[in-house]
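Visitor: The structure follows.
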Amino acid sequence: MTPFTTFTLILVVIVLLLVAEIEHRAVVAILAAVLSAYFGISYGLFKPADIIEMMNVDTVLFITGVLILFESISRSGL
1 MTPFTTFTLI LVVIVLLLVA EIEHRAVVAI LAAVLSAYFG ISYGLFKPAD
51 IIEMMNVDTV LFITGVLILF ESISRSGL
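Note that the numbering used here has the sequence shown beginning at 1, numbered continuously upward.
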């Protein structure tokens with residue numbers, strides 16, 4: 001299977017999971033990231049060290065903080 005076919009299949013499965021709401025969006029997003037990283041490394045498209053370089057820590061921390069804030073607000077009933 002070519003990398004294009006594999007990543008297209010991952011995209012289609014992820015979109016179907018999101019539309020069908022079988023799992024929570026965060027779980028589906030993590031699944032997409034893990035599958036993409038795994039197949040990217042196995043096809044030799046990038047190295048494991050490249051994954052760390054691709055991540056923007058500031059953005060990840062910001063999104064995590066916003067999610068924690070919204071979860072706290074929703075649980076408090078505001």
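Heads up, the beta-carbon is just placed ideally off N, CA and C, and yes, glycines get one too.
Every value quoted in this text rests on a predicted model; they were computed, and no experiment measured them.
Please name the residue in PHE4, THR5 and ALA32 whose C-alpha comes closest to that of LEU16.
Guide: To locate residue 16, count along the sequence shown from 1; it is residue 16. Here the closest residue by C-alpha is ALA32.
Visitor: What is the DSSP secondary structure of GLU71, reduced to helix, strand or coil?
Guide: Taking the sequence shown and counting its residues from 1, one reaches residue 71 at position 71. GLU71 falls in the helix class under three-state DSSP.
Visitor: Would ILE10 and SER36 be called neighbours here (beta carbons separated by less than 8 Å)?
Guide: As a first step, residue 10 must be located in the sequence shown, where it is residue number 10. As a first step, residue 36 must be located in the sequence shown, where it is residue number 36. Yes. Within cutoff.
Visitor: Between which residues of its own chain and VAL60 is the CB-CB distance below 7 Å, once the five residues before and five after are set aside?
Guide: To locate residue 60, count along the sequence shown from 1; it is residue 60. Cβ neighbours of VAL60 beyond the five flanking positions: none.
Visitor: Give the range of the alpha helix (DSSP H) segment to which TYR38 is assigned.
Guide: Taking the first residue of the sequence shown as position 1, residue 38 is located at position 38. Where TYR38 is concerned, the enclosing alpha helix (DSSP H) stretches over 25-42.
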